[in-house]
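Quick notes on the structure that follows.
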Amino acid sequence: MNSRDGFKKTMQVANNGRPVFVTIVYRLAARIEQAPLFDMVSDPTIYTNVLEGAFKLLNQDGIITNFDPTLEAEIFGCQVEWQDDYDLPAVSGWADCEFSGVSLENSQRLAVLLETTKRLIQTRGREMAIIGTMIGPCSLALNVRDNASPDRECPFDEIVTLTGGQLAKYARCLGEVKVDAIIIREDLLGEKYYEEFLAHEKAYTAVYATIFNLTRFYNLAGLLMVKGGKLEDLAVIVREINPGGLVLTGQEIDESGLNFLKNLSDSRKMAIGLPLPLTEPDKTTARLQVYEDFILKNKPGGFFYTSDGEVPPDIPIENLREITGRIKGVSEL
Amino acid sequence: MGYIVNVDVGGTFTDFYVGKDNRSITTKTPTTHYDLSVGFLRGLEECASKEEITLEDFLKDTEVIKYCTTLGTNTLLELSGPRLGLITTRGFEDTIFIGRGRQWADGLPLADIQDITNIDKPIPLIPRRLVVGINERIDYKGAIITPLKKEEVLDKISYLVDNGVRGFVVSLLWSFVNPVHERQIKDIIDEVFPEVYLGNMPVILSSDISPKEGEYTRTMTAVVNAYMHQGFAEQMSYLCAELMDKGYTKPIMMVDNLGGCSKLSRTKVARTHGGGPVSGLSGAATLCRQIGMPNVAFTDVGGTSYDVGVVAEGAVSYYDLYPTIGRWRTQLTTMQVTSIGAGGGSIAWINTLLGNRLEVGPKSAGSLPGPACYDLGGEEPTVSDADCVLGYLNPDYFNAGKMRLNREKAFAAMRKISDKLTWDEVTTALMIKRVIDAKMGQEVFKEIALKGYEPSEFIYMACGGAGATHCCGIANRAEMTNIIIPPSASVSGAYGAYTLDILHTYEMSRHIRMFDYATGAFLTDYDSFNSVVRELRDQAAKDIVLEGFTGKDAVYKLELEMRYGRQWRYTSVESPLLMIKGEKDVRKVCDRFTEEFSKLYGSEAAYPEGGIEVETLRLMVTLKLPHTPPVKFELGGTAPPKNSFKGQREAFWEKYNAFSPTDLYQWELLKPGNIIRGPAIIEAEGTTAVIEPDWTFKVDEYLNGIVTMKVKEQENARRN
Chain A
9 MNSRDGFKKT MQVANNGRPV FVTIVYRLAA RIEQAPLFDM VSDPTIYTNV LEGAFKLLNQ
69 DGIITNFDPT LEAEIFGCQV EWQDDYDLPA VSGWADCEFS GVSLENSQRL AVLLETTKRL
129 IQTRGREMAI IGTMIGPCSL ALNVRDNASP DRECPFDEIV TLTGGQLAKY ARCLGEVKVD
189 AIIIREDLLG EKYYEEFLAH EKAYTAVYAT IFNLTRFYNL AGLLMVKGGK LEDLAVIVRE
249 INPGGLVLTG QEIDESGLNF LKNLSDSRKM AIGLPLPLTE PDKTTARLQV YEDFILKNKP
309 GGFFYTSDGE VPPDIPIENL REITGRIKGV SEL
Chain B
8 MGYIVNVDVG GTFTDFYVGK DNRSITTKTP TTHYDLSVGF LRGLEECASK EEITLEDFLK
68 DTEVIKYCTT LGTNTLLELS GPRLGLITTR GFEDTIFIGR GRQWADGLPL ADIQDITNID
128 KPIPLIPRRL VVGINERIDY KGAIITPLKK EEVLDKISYL VDNGVRGFVV SLLWSFVNPV
188 HERQIKDIID EVFPEVYLGN MPVILSSDIS PKEGEYTRTM TAVVNAYMHQ GFAEQMSYLC
248 AELMDKGYTK PIMMVDNLGG CSKLSRTKVA RTHGGGPVSG LSGAATLCRQ IGMPNVAFTD
308 VGGTSYDVGV VAEGAVSYYD LYPTIGRWRT QLTTMQVTSI GAGGGSIAWI NTLLGNRLEV
368 GPKSAGSLPG PACYDLGGEE PTVSDADCVL GYLNPDYFNA GKMRLNREKA FAAMRKISDK
428 LTWDEVTTAL MIKRVIDAKM GQEVFKEIAL KGYEPSEFIY MACGGAGATH CCGIANRAEM
488 TNIIIPPSAS VSGAYGAYTL DILHTYEMSR HIRMFDYATG AFLTDYDSFN SVVRELRDQA
548 AKDIVLEGFT GKDAVYKLEL EMRYGRQWRY TSVESPLLMI KGEKDVRKVC DRFTEEFSKL
608 YGSEAAYPEG GIEVETLRLM VTLKLPHTPP VKFELGGTAP PKNSFKGQRE AFWEKYNAFS
668 PTDLYQWELL KPGNIIRGPA IIEAEGTTAV IEPDWTFKVD EYLNGIVTMK VKEQENARRN
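Sequence order for the protein chains is A and B. In terms of my numbering, the first sequence opens at residue 9 and continues consecutively. In terms of my numbering, the second sequence opens at residue 8 and continues consecutively.
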């Protein structure tokens, strides 16, 4: 069973082997291959080579193709300024925007990203998981509401619907290039996410329903990424929007938390990504031990390991490779 | 005996019927047009998980996969085929552009044909500048009048290649009588572009594809086949590779449009067109024969199209001798199934040119974005949305609970129409149902009546995912009072594929005068008939071996296209014998023709004195595959078991002009003999049977749903 098979089985909550390890490596990849981020996202050849090269070195189970939330915001007028070689672009302002006419298809960066993803799937797609990401409906709607300059008055529910429509199109684009999963990022809101979701539950639920229906249509996993917060609050949201899985960040999960998550995973048939704080090797080892002990005893079919957020570009690569080696070196459970 | 997997790729759903011993497994997955293999593999995974085994183990235990498709070929619709060159007889280069005049209308629905301001000929598959004429001529007897010159052929090939051609179609006059020039041209091309080199060009000969008379249709058959070939071959090759990765190493059988199947390596791509509906019709005929129902109107209401075929006296006897593929008239004989753009995904719209008339279809929402209630981004109101608003579809149990319907979005979609017509959403939904039921009912009535039968004497077979949902409304409009819903109704194309044997068909045109009106004599040159049959049998012998059978396994059937005197149209007749040994045999064939002709047109129309001719011979070779007939159960009590009753739901009934609490049942838990009086809704894994007031549902001993209407109520309903 190769990395991709392991990932697919995990998404079906049926992985009997070792947990797969998928880290969020984006700026680090650019640094490893010494390609400035701006050059990378402007050219599919450079972009593909960067991601391939980095993941060959890091030897992980999956490639995450993008981790920059400004891509979606750009179509609603967000303007960015590219700074240092390996930093995400900074928002420099928001242009006036005709909301009814926006379209993700006009985004040059998206076109490059999709072409890159297509190429990665052709070259690496049989052996490792290829995972797309997109900003979540809550994060995008709030960002647009707070910053964008629309051409007319726009009630918030309408903003949610408009932004959600573009995200549904984005999900379709990723589905058509045949990624194995899409990470829907609500980690940007941190713990505010739960409150925000409940405040406009009906509007958000409608958007999530379409997005997750689309991921099911394309036979890929729709993974909701969240940061912090109580697991019980997370369970409430999961019941409402029914994602294909979760990616947890900013959480320190003990055994009772893992039990809770296993029950959630089994009952909802959902994969769950457990975070490892890779910037602190001692903490990583300790955390990993807790996870491994639990997994050995309870054999959850839907758990996988991930980084606690994006791996920073200045992390010592040896640390990452050491953890990967330990995870992959574990024999079949 | 391992699994026999049967797949029907439709416009909206991909259906699976898997048979093993006396059991069956069915499932439906959305068709993934961007890559058909995704939906295909997902369906196989679902079948495997129903057996509680892995996909790999499932495929290891699979004997055969039969594949058919209802999809119109995207290659033709999108004009995305390869650049081809056509080599024809000099002076006839414009044949495919003139197109017998009918080309304006071929493949178009009636509404488009009547729109004479917008109607246009289709964009040619091969542009005029890539058609070249060769100075050669063979006459109607096959004699060479003008021999072929190699230098000229080389010159023309060179011109075509310089213009970017990547494949050749060769269609010369009278090549079906003597293909020698076509074969010489192929040899010349192969010499210039040998197979071992990268520049090898495929060459399709019209005499190989369709050795029948009619240069326009013969050429178009070859062109369409060549145009579709590469795309389809790549798609199937990719699928085979995916299956092989998962452990399936046996051949894939392709279902054709004549009611049979054959190995992928022995199938012409044009033969696969419309395989799904034909497969459904064939399966219906087999089922009807097995359970003793000789006259049935087979219908399949899918997501995109409504297919109708007629089973009369237990057999499918109607063929389309000149079927259209896309916009192109061809001459590969197919079983006749009429398709119109009407289905569960058909979009309702307002026709402003006709006084704001409500229309439904032919455009469909497909599987993506799909009906609004599928919540995949679709916003247009469709038939499924209307059914959802009327309460017929269970939002929490659609497609065996795999999909949740969004009733609010269905209402919102209705408002797109209702706002313009000052109706409310429920009235709009009801109107959509009326329009689509009338459209489909009219179609099935027409199909039966125009064949000389009385529709009320036929049983309406409701198949397809949306078939059972609209069966009462459609049957009522078609003046039919008896409906049968088979247990595999929602996957009828796939079930039909299960019932098919291997079938190879070989056709050849030969003008043979069986009875000469001028001399009053019957045919004496028996070899003119027998030599053609021998030639077709020789072709068959090769295919029989390559299918893995021996000659004694083969069952032969010879069909003849015959006519009186100089009639324009041919009538297809099953020959009572393969070879003619004497005048008695010739008379037998003539008498059989007169018998069949009389059945169709009346004995007064038959006129053997005018002469009897055979124009085309069609040899059909069947190699039997194992099938399990439907199991017969004991009939039990009429009361449905308690566990089959699921409660009630508000549903709208036109008879009461209101919503009313309606009993719900689970199909799979009903027993033979159970009776349910309408109004009622019976939910199955793949479909929902809506039993309207005045109709009664009964489960027969084969687990079919038999729905009957009281005649008096029907007369009243018709009067209203």
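Every residue, glycine too, gets a C-beta built ideally from N, C-alpha and C. From a predicted model like this one, the values you see are computed outputs, not experimental measurements.
Asked	Found
Quick one: Cα of E602/B to Cα of P201/B, how far?	52 Å
If we define contact as Cβ-Cβ less than 9 Å, is F222/A a contact residue for chain B?	The amino acid occupying residue 222/A in the given sequence is Leu; Phe does not appear at that position. Closer than 9 Å to some Cβ of chain B, the Cβ of L222/A qualifies, so yes.
Give the residues of chain B in contact with F225/A, contact being defined as C-beta atoms less than 7 Å apart.	P37, L375 and L383
In terms of residues, what are the limits of the beta strand (DSSP E) holding L510/B?	I509 to D523
Might you give, ordered along the chain, the residues of its own chain that have their beta carbon closer than 6 Å to the beta carbon of K57/B, omitting 5 neighbours on each side?	I32
Any contact between the region 410-425 of chain B and the region 378-394 of chain B? By contact I mean 3 or more CB pairs, one from each, below 8 Å.	yes
Three-state secondary structure (DSSP) at T429/B?	coil
With a Cβ-Cβ cutoff of 9 Å, do K447/B and T279/B count as a contact?	First, the residue type needs correcting, since residue 447/B is Met and not Lys in the sequence shown. For M447/B and T279/B, no; Cβs fall outside 9 Å.
Along the chain, where does the beta strand (DSSP E) that runs through E657/B open and close?	F652 to W660
Where do the N-terminal and C-terminal ends of the beta strand (DSSP E) with T687/B fall, by residue?	The residue you asked about is not Thr; residue 687/B is Ala in the sequence shown. Its beta strand (DSSP E) spans residues A687 to E690.
Any beta-carbon of chain A closer than 9 Å to the one on D42/B?	yes
Using C-beta distances below 7 Å, list every residue in its chain close to A98/A, excluding the 5 sequence neighbours before and after it, in chain order.	V88, E89 and Q91
When you compare the CB of T218/A with every CB in chain B, is at least one pair closer than 9 Å?	yes
List the residues of chain A whose Cβ lies closer than 8 Å to the Cβ of V45/B, in chain order.	K186, Y226 and N227
Out of D508/B, V562/B and D701/B, point me to the one whose CA is closest to G290/B's CA.	D508/B
When we look at the beta-carbon of R4/B and count the other beta-carbons within 10 Å, is it buried (16 or more) or exposed?	Absent from the structure is residue 4/B, since the part of chain B shown begins at 8 and ends at 727.
Listing by chain order, which chain B residues have their CB less than 7 Å from the CB of A211/A?	Within chain B, no residue comes near A211/A; the closest Cβ sits about 12 Å away, beyond 7 Å.
Compute the Euclidean distance between the alpha carbons of Y204/B and G174/B, then round it to the nearest angstrom.	14 Å
Taking the alpha carbon of D195/A as the point to measure from, which residue in I261/A, P321/A, G101/A and D76/A has its own alpha carbon closest?	D76/A
Following a CB-centred definition, is T31/A positioned closer than 8 Å to any heavy atom of the ligand MN?	Among the components modelled here there is no ligand, and therefore nothing to report on the ligand MN.
Should T76/B be flagged as near chain A, meaning a C-beta pair shorter than 9 Å?	no
Does any CB atom of chain A fall closer than 9 Å to the CB of R422/B?	no
DSSP three-state call for I682/B: helix, strand or coil?	strand
Contact check, N302/B vs F465/B under 8 Å by CB: the rounded distance?	5 Å
Measure how close the beta-carbons of S147/A and R117/A come, nearest whole angstrom, since I'm counting them as under 8 Å.	That pair is no contact at about 18 Å.
Residues of chain A with CB closer than 8 Å to the CB of R49/B, please, in chain order.	N227
Roughly how many angstroms lie between the CA atoms of I689/B and D550/B, to the nearest whole one?	46 Å
Mapping DSSP to helix, strand and coil, what is A98/A?	strand
Rounded to whole angstroms, what is the Cα-Cα separation between F20/B and P37/B?	4 Å
Can you give me the C-alpha to C-alpha distance between I216/B and T228/B, rounded to a whole angstrom?	7 Å
To the nearest angstrom, how far is it from the Cα of A496/B to the Cα of A372/B?	22 Å
Excluding five sequence neighbours on each side, which residues of the same chain lie with their C-beta closer than 6 Å to the C-beta of T293/B?	T506
Which of the three DSSP states, helix, strand or coil, is assigned to P668/B?	strand
Scan the region 406-439 of chain B for residues whose Cβ lies nearer than 9 Å to a Cβ of chain A and list them as they occur along the chain.	K409, M410, R411, N413, E415 and K416
Among residues of its own chain, excluding the 5 on either side of I249/A, which ones have a beta-carbon nearer than 8 Å to its beta-carbon?	Y212, T213, Y216, A217, F220 and L232
Please specify which runs of the beta strand (DSSP E), each continuous and at least 3 residues long, are wholly inside the region 266-317 of chain B, giving them in chain order.	268-270 and 303-308
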